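Reading the sequence shown from the start, the letters are residues 4 to 263 in my numbering.
Note that the Cβ used here is the ideal one computed from N, Cα and C, for glycine as well.
All of these numbers come straight from a predicted model, not from anything done at the bench.
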Amino acid sequence: MKLVGSLVALFREVAGLTQRELAELACVGTETIASIEQGRRLLKLDLAILLDQVLLTKGALETAVENMPEIDRYPVWAAAFIDQEQEAIAISSYQNQVVPGLLQTENYAHAVFRNEIPTLSQDEMHGRIAGRMERQQILHRKVPPTCSFLIGEAALQDRLGSPAVFTEQLRHLRESADLPGLTLQIMPFGRTTHAGLSGPFVLLETPDHQHLAYAETQRGSLFVEDPDEVSILARKYAMLRTQAHNPEETKGLLDRLLGE
């Protein structure tokens, strides 16, 4: 991503254009161009093709995008979601097996990626962990997104990594529950009704108030933009919030698990 971003910056400068001027010609935001050039945002194929036309670069950016490594900081199939997540003004995440990535400690993330099949190389694992830790900076922005996290109680019973890793992760969850604009709820065991049986998903609201959804499968992901489909998931999420422990009950549960 950094290499492709550097190419965009080089070609733009050779063409004598500012970031704002290139953004206007490509009909995208100036921040989009800046993020791509800094390697913080994936250059998507359709925009690469358009920039090649604008910058007269004869398909160089299209070729670069098509030949990016299959595994960078994030899996290729998750890049569109990560791109939108970084600018989201609201995030609602339901996870039933693991702690959400935005709330994971580095040691817990390492334990999660160690369980990948096929096994990740050390370089791949370190890249994934670094990407996950970098994503978490959005929770500490000057104006952080409004966040709601629903976590299945099963994720609090597994001891991924080790008891020490688990305790560290529990403590981090308890501290995160007090962050401004963040709500944490646990979905308890033993319910007779459950709106999330079809699996985990994430809802996003963009700065221009577009509502999106994202769900991962074993070998890929589904990025949902259709308003009707997003509405269905939003209604499921609303029902899940009524079925889960409220935020204060959740903090009490975490305190008990920590022995406090």
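Would you grab the beta carbon distance between residue i and residue j for me? Rounded to a whole angstrom, and I think it's under 8 Å.
| i | j | result |
| --- | --- | --- |
| Val205 | Ala216 | 7 Å |
| Pro203 | His248 | Contact flag wrong, Cβ pair sits at about 18 Å. |
| Arg135 | Gly104 | 5 Å |
| Thr33 | Arg23 | 5 Å |
| Met71 | Val11 | Contact flag wrong, Cβ pair sits at about 13 Å. |
How big is the Cα-Cα spacing for residue i and residue j?
| i | j | result |
| --- | --- | --- |
| Glu252 | Ser151 | 15 Å |
| Gln87 | Val57 | 24 Å |
| Lys5 | Glu137 | 15 Å |
| Asp1 | Glu208 | Here the chain has residues from 4 to 263 only, and residue 1 is not among them. |
| Pro183 | Ser96 | 17 Å |
| Glu171 | Tyr111 | 8 Å |
| Gly130 | Leu123 | 10 Å |
| Ile154 | Ser179 | 13 Å |
| Pro147 | His212 | 16 Å |
| Ala18 | Glu27 | 14 Å |
| Ser201 | Ser234 | 16 Å |
| Leu106 | Glu69 | 32 Å |
| Ser9 | Val31 | 18 Å |
| Leu48 | Glu228 | 18 Å |
| Glu65 | Thr21 | 21 Å |
| Thr108 | Asn99 | 17 Å |
| Met128 | Leu142 | 23 Å |
| Glu40 | Gly193 | 50 Å |
| Leu187 | Tyr240 | 13 Å |
Please state the DSSP three-state secondary structure of residue i.
| i | result |
| --- | --- |
| Ala91 | coil |
| Leu187 | strand |
| His214 | strand |
| Gln98 | strand |
| Ile74 | With a pLDDT of 46 at Ile74, under the threshold of 50, the predicted position of this residue should be treated as unreliable, though the coordinate-derived value follows. Of the three classes helix, strand and coil, the one that applies to Ile74 here is strand, per DSSP. |
| Phe192 | coil |
| Glu263 | coil |
| Thr108 | coil |
| Leu153 | strand |
| Thr60 | coil |
| Thr35 | helix |
Would you give the residue range spanned by the alpha helix (DSSP H) that residue i belongs to?
| i | result |
| --- | --- |
| Ile120 | That residue, Ile120, is in no alpha helix (DSSP H); it is neither H nor E in DSSP. |
| Thr253 | Pro250 to Leu260 |
| Leu159 | Per DSSP, Leu159 belongs to no alpha helix (DSSP H) and is neither H nor E. |
| Ser234 | Pro230 to Gln246 |
| Leu200 | No alpha helix (DSSP H) holds Leu200; DSSP gives it neither H nor E. |
| Leu44 | Correcting the residue identity first, residue 44 is Arg in this sequence and not Leu. First-last for Arg44: undefined, no H or E at that position. |
| Arg23 | Gln22 to Ala29 |
Do residue j and residue i count as a contact pair if the criterion is CB distance below 9 Å?
| i | j | result |
| --- | --- | --- |
| Leu159 | Leu243 | no |
| Leu46 | Leu54 | yes |
| Ala114 | Leu163 | yes |
| Phe226 | Ala83 | yes |
| Arg174 | Leu261 | yes |
| Gln89 | Arg15 | no |
Quick one: give me the first and last residue of the beta strand (DSSP E) that residue i is part of.
| i | result |
| --- | --- |
| Phe226 | Gly223 to Val227 |
| Val11 | Element bounds for Val11: not the beta strand (DSSP E) but the alpha helix (DSSP H), Lys5 to Val17. |
| Phe169 | Not the beta strand (DSSP E): Phe169 falls in the alpha helix (DSSP H), residues Pro166 to Ser179. |
| Val205 | Phe204 to Glu208 |
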